[in-house]
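For reference, the structure discussed in these notes is given below.
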Amino acid sequence: MKSESTKKDKYTYKDYLSWTDDGRWQLIEGIAYDMSPSPSVQHQRVLRKLLVRFDLFLEGKQCEVFSAPFDVRLPEGDEKDEDVKTVVQPDILVVCDESKLDKRGCKGPPDLIVEIVSSSSASMDYIKKLNLYERHGVKEYWIVNPENKTAMIYRLNERKEYEAPEIHSDGDVIESKVLEGFFVNLREIFEE
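In full-length UniProt numbering, the protein residues as written are 1 to 192.
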């Protein structure tokens, strides 16, 4: 990111693309958030297990799965690409509309997002991103917590609002409504 002397009140995707340091950043409504430190071993194991299951299920289907680092730009209205003020890097995302994909990542809401909670990301995942993903129309949002071995699943209803979450614990089977026929046993995901 730029030095302290060049900090701005609000950043755009154009600014984001110009940052040359090695850090990983997200922009939410123009505010830059540092994504360090790197995820834990436990986080990465859960991510890998989920990613493999999504990938195997989606093979030969229209939808495609991606994992961080992968930019998801969430424009407000008809905001030009360089003016987008929200760029996130979900742990896992599924995109079923190929027209949202370009050489830089995804522009517009993915169909499904999974965030794997760590102590440094909890308030971001449970509050800020929950509200952001609902507002932008992410159909299904999974918050997976390896520490307490739980998952919360939010789904958009016909009013474009998230319903009360389904709360699952170790041993429960999560079933996606967006990816019909896809399910995951949390015990297998949380096994060390």
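Even glycine gets a Cβ: it sits at the ideal position worked out from N, Cα and C.
One or two residues paired with residue i in a DSSP bridge
i: Leu179; result: DSSP, once it has assigned bridges, lists no residue as partnering Leu179.
i: Gly171; result: Paired residue(s): none; Gly171 is not in a bridge.
i: Ile113; result: Leu93 and Tyr141
i: Asp102; result: Gly105
i: Asn185; result: Val173
i: Tyr33; result: Gln26
Proximity of residue i and residue j at Cβ, strictly below 8 Å
i: Arg45; j: Asp71; result: no
i: residue 235; j: Ser169; result: Here the chain has residues from 1 to 192 only, and residue 235 is not among them.
i: Val88; j: Pro75; result: no
i: Val117; j: Val94; result: no
i: Leu186; j: Ile167; result: no
i: Val65; j: Leu51; result: yes
i: Glu161; j: Glu134; result: yes
i: Tyr154; j: Tyr141; result: yes
i: Phe54; j: Ile113; result: no
i: Gly23; j: Asp34; result: yes
i: Lys128; j: Leu156; result: no
i: Cys106; j: Cys63; result: no
Integer Cβ distance of residue i from residue j, believed to fall under 8 Å
i: Ala68; j: Pro90; result: 6 Å
i: Pro110; j: His43; result: Between His43 and Pro110 the Cβ distance is about 20 Å, and since that is not below 8 Å, they are no contact.
i: Tyr13; j: Glu82; result: 6 Å
Identity of the residue in the options nearest residue i by Cα
i: Leu27; options: Met124, Asp172, Val178 and Trp142; result: Met124
i: Gly30; options: Asp15, Gly23, Asp21 and Tyr154; result: Asp15
i: Glu188; options: Pro165, Gly171, Phe182 and Asp78; result: Gly171
i: Phe182; options: Tyr11, Trp25 and Phe57; result: Phe57
i: Val184; options: Leu47, Ser18, Trp19 and Tyr11; result: Leu47
i: Ala122; options: Lys49, Thr20, Asn148 and Lys61; result: Asn148
i: Leu132; options: Gly60, Leu101 and Arg73; result: Arg73
i: His136; options: Asp78, Lys49 and Glu180; result: Asp78
i: Leu130; options: Ala164, Leu101 and Ser99; result: Ala164
Reduced DSSP secondary structure (H/G/I, E/B, other) of residue i
i: Lys107; result: strand
i: Met152; result: strand
i: Asp81; result: helix
i: Lys2; result: Low local confidence applies: a pLDDT of 45 at Lys2 is under 50, so the model's placement there is unreliable, and no value is given.
i: Gln62; result: coil
i: Asn157; result: coil
i: Glu166; result: strand
i: Tyr11; result: coil
i: Ser67; result: strand
i: Asp21; result: coil
i: Leu74; result: coil
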